[in-house]
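Count along the sequence shown from 1, then add 7; that gives the number in my numbering. To start, the structure itself, in structure tokens.
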Amino acid sequence: MEVKQRADQTVVISPLPSFARADASSPDLKLPPADDGLKLPANGVFVLAITSGPASGEVFRLAKPRLVIGRQGADIPLNDPEISRHHCLLEVRDTFINLKDLDSTNGTFYDEERVRAAMLGDGSEFRIGESRIRVSFQKK
Numbered sequence: 008m009e010v011k012q013r014a015d016q017t018v019v020i021s022p023l024p025s026f027a028r029a030d031a032s033s034p035d036l037k038l039p040p041a042d043d044g045l046k047l048p049a050n051g052v053f054v055l056a057i058t059s060g061p062a063s064g065e066v067f068r069l070a071k072p073r074l075v076i077g078r079q080g081a082d083i084p085l086n087d088p089e090i091s092r093h094h095c096l097l098e099v100r101d102t103f104i105n106l107k108d109l110d111s112t113n114g115t116f117y118d119e120e121r122v123r124a125a126m127l128g129d130g131s132e133f134r135i136g137e138s139r140i141r142v143s144f145q146k147k
């Protein structure tokens with residue numbers, strides 16, 4: 008029997024195969040150095056709203072220009088079993104956000120396509136695990 012799945016479908020493998028497990032001796036995330044162009048907008052604030060998934064209804068205001076979303080040990084922790092511990096990175100550049108997948112097991116999706124990186128503006132949505140997240144820019 009052949010199992011057919013959509014390309015944007017998230018698959019949970021349990022237990023995780025050895026290649027997908029984090030090394031327990033190195034819990035620290037190794038991010039590339041931040042560049043000088045990262046900064047929060049002077050005339051407003053970015054807000055992330057969780058529109059579906061286990062944390063649906065939660066809202067986060069970005070307080071720094073670079074942060075990690077993940078299951079635990081992240082700047083924005085989401086209790087979603089399909090999200091990696093350190094799933095994706097958001098980097099704010101004034102009025103837009105660079106979204107970067109951190110080699111997550113189940114991927115990061117933008118416009119229903121799995122992406123390594125995407126540029127987000129006001130009203131953009133992306134999905135990690137079962138969580139759909141909307142980016143809003145609110146003027147001060």
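Cβ atoms here follow ideal geometry from the backbone N, Cα and C, with glycine treated the same way.
Alpha carbon to alpha carbon, how far is residue j from residue i? Give it in angstroms, no decimals.
i      : j      : result
Pro88  : Gly136 : 8 Å
Arg141 : Leu109 : 19 Å
Ile90  : Ala49  : 31 Å
Phe133 : Arg139 : 6 Å
Pro39  : Ala124 : 14 Å
Asp42  : Pro72  : 11 Å
Ile76  : Leu85  : 7 Å
Once DSSP output is grouped into helix, strand and coil, what is the label at residue i?
i      : result
Gly51  : strand
Thr182 : Nothing about residue 182 can be reported from this structure: the residues present for the chain run from 8 to 147 only.
Ile90  : coil
Asn105 : strand
Pro84  : strand
Gly114 : coil
Ser63  : coil
Return the chain-ordered list of same chain residues with a C-beta closer than 7 Å to the C-beta of residue i, the five sequence neighbours on each side being excluded.
i     : result
Leu74 : Asp82, Ile83, Leu97
With a CB to CB cut of under 6 Å and the five nearest residues on each side skipped, what residues in its chain are close to residue i?
i      : result
Gly114 : Arg121
For residue i and chain D, any beta-carbon pair shorter than 8 Å?
i     : result
Gln79 : Included in the structure is just one protein chain, with no chain D present.
Which same chain residues, not among the five before or five after residue i, have their C-beta less than 8 Å away from its C-beta?
i     : result
Gly80 : Pro34, Leu36, Arg92, His93
Val52 : Arg68, Leu69, Phe144, Gln145, Lys147
Could you say if the segment 58-72 and the segment 116-125 meet the contact criterion of at least three C-beta pairs nearer than 8 Å? no
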